[in-house]
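Residue numbers (this note's numbering): 14 to 311.
Just so you know, even glycine gets a beta-carbon here, dropped at the ideal spot from N, CA and C.
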């Protein structure tokens with residue numbers, strides 16, 4: 014009973030800390046996105062992809078206030094988030110988009126540059142950083158991903174395919190309604206934003222799953238644990254065909270997860286033990302638990 018009572022305040026404190034961390038990420042994300050829009054893109058009639066790109070395109074063509082457009086254009090995607098993801102996610106997204114609209118309305122940002130290349134690169138960077146930080150905070154500032162998730166569930170298209178199709182439509186509309194140069198710069202802005210989002214979500218330490226098939230599995234296992242400080246999983250397998258023809262031998266298959274920064278060290282260590290070892294690498298979006306060490310933002 015005493016232990017249970019002691020655990021409750023601890024759990025509550027952890028919950029408060031998590032909510033506080035999420036709120037901070039969203040606020041910083043909103044400010045970053047606002048700076049990217051008002052300091053780079055808006056004053057120079059630049060576009061981006063996704064829902065933000067649609068809002069910017071309508072703003073250029075109609076002069077309707079951008080904060081109003083961002084809320085209106087995102088409303089259908091917030092409803093999709095409510096029905097397809099979760100109520101909490103939808104509410105947090107609505108609050109974040111509302112904060113973005115307020116930030117664009119009431120906070121002044123200096124116009125940093127009029128150089129088109131710098132606008133595309135750094136405007137995309139700050140906008141992407143804002144979206145990425147908001148995703149880390151448990152919501153989105155751009156509803157494209159929600160729409161892509163919904164369509165992918167109803168069709169054979171993947172989420173990535175849907176996002177590409179949406180942006181092709183946006184950039185094509187920009188080329189027809191404005192000019193080709195604006196559309197091309199919009200593609201560059203979107204590229205910068207998407208790469209920044211990927212970096213903030215997955216971090217520098219992108220994870221790779223490595224499967225190692227070798228006759229010296231015990232030596233390789235010790236190297237991974239002792240020199241790399243990583244955990245391993247051992248599968249029992251059976252050889253099928255090798256350099257000596259058909260085989261029917263039992264062997265141990267090693268599986269581990271490392272960061273891309275550790276791949277070279279791992280392959281070098283394995284080569285020192287067995288140059289003929291068969292190594293398979295697979296990209297992993299994210300991992301949880303075990304002996305994985307993540308960057309502070311993870």
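Backbone secondary structure at residue i - three-state DSSP
| i | result |
| --- | --- |
| residue 241 | coil |
| residue 131 | helix |
| residue 192 | coil |
| residue 159 | helix |
| residue 292 | strand |
| residue 262 | coil |
| residue 33 | helix |
| residue 19 | With a pLDDT of 48 at residue 19, under the threshold of 50, the predicted position of this residue should be treated as unreliable, and no value is reported. |
| residue 137 | helix |
| residue 253 | coil |
| residue 311 | Because residue 311 carries a pLDDT of 35, less than 50, the predicted location of this residue cannot be relied on, and the following value inherits that uncertainty. Coil. |
| residue 14 | Only weak support exists for where residue 14 lies, its pLDDT of 49 falling under 50; the coordinates are left without a value. |
Contacts around residue i, its chain only, beta-carbon distance under 6 angstroms, and the 5 residues preceding and following it disregarded
| i | result |
| --- | --- |
| residue 20 | Residue placement at residue 20 is poorly supported in this model, since its pLDDT is 49, which falls under 50; the coordinates are not used for a value here. |
| residue 279 | 271 |
| residue 269 | 223, 237, 243, 245 |
| residue 30 | none |
| residue 248 | 266 |
| residue 112 | 43 |
| residue 38 | 146, 149, 150 |
| residue 10 | Shown here, the chain extends from 14 to 311; a query on residue 10 therefore has no answer. |
| residue 35 | 150, 151 |
| residue 142 | 45, 209 |
| residue 87 | 64, 110, 156 |
| residue 292 | 225 |
| residue 159 | 90, 93, 94 |
| residue 133 | 198, 201, 202 |
| residue 205 | 134, 137, 138 |
Beta strand (DSSP E) segment containing residue i, residue limits
| i | result |
| --- | --- |
| residue 119 | It is not in any beta strand (DSSP E) - residue 119 instead sits in the alpha helix (DSSP H) that spans 100-119. |
| residue 224 | 220-226 |
| residue 122 | Looking at the DSSP string, residue 122 is not in any beta strand (DSSP E), and its letter there is neither H nor E. |
| residue 168 | Run containing residue 168: none; DSSP gives neither H nor E here. |
Beta-carbon proximity list for residue i, same chain, < 8 angstroms, skipping 5 on both sides
| i | result |
| --- | --- |
| residue 14 | Low confidence applies to residue 14: its pLDDT is 49, below 50, so where it sits in the model is not reliable enough to give any reading. |
| residue 183 | 60, 62, 63, 66, 67, 70, 199 |
| residue 276 | 221, 223, 294 |
| residue 214 | 145, 148, 149 |
Unbroken alpha helix (DSSP H) run spanning residue i, endpoints
| i | result |
| --- | --- |
| residue 153 | From DSSP, residue 153 is part of no alpha helix (DSSP H); its letter is neither H nor E. |
| residue 69 | 63-75 |
| residue 58 | Per DSSP, residue 58 belongs to no alpha helix (DSSP H) and is neither H nor E. |
| residue 281 | 276-286 |
| residue 90 | 79-97 |
Exposure label - residue i; buried when at least 16 CB within 10 Å
| i | result |
| --- | --- |
| residue 128 | exposed |
| residue 32 | exposed |
| residue 166 | exposed |
| residue 273 | exposed |
| residue 48 | buried |
| residue 89 | exposed |
| residue 285 | exposed |
| residue 289 | exposed |
| residue 154 | buried |
| residue 121 | exposed |
| residue 240 | exposed |
| residue 45 | buried |
| residue 296 | exposed |
| residue 51 | buried |
| residue 157 | buried |
| residue 192 | exposed |
7 angstroms Cβ cutoff, residue i in contact with chain B
| i | result |
| --- | --- |
| residue 28 | Judged by its chain identifiers, the structure shown contains no chain B, having just a single protein chain. |
Contacts around residue i, its chain only, beta-carbon distance under 7 angstroms, and the 5 residues preceding and following it disregarded
| i | result |
| --- | --- |
| residue 109 | 39, 43, 147, 152, 154 |
| residue 55 | 79 |
Please determine if the segment 186-193 and the segment 62-79 are in contact, where contact requires at least 3 C-beta pairs separated by less than 8 angstroms.
-> yes
Contact the segment 72-82 vs the segment 97-105: 3+ CB pairs below 8 angstroms | no
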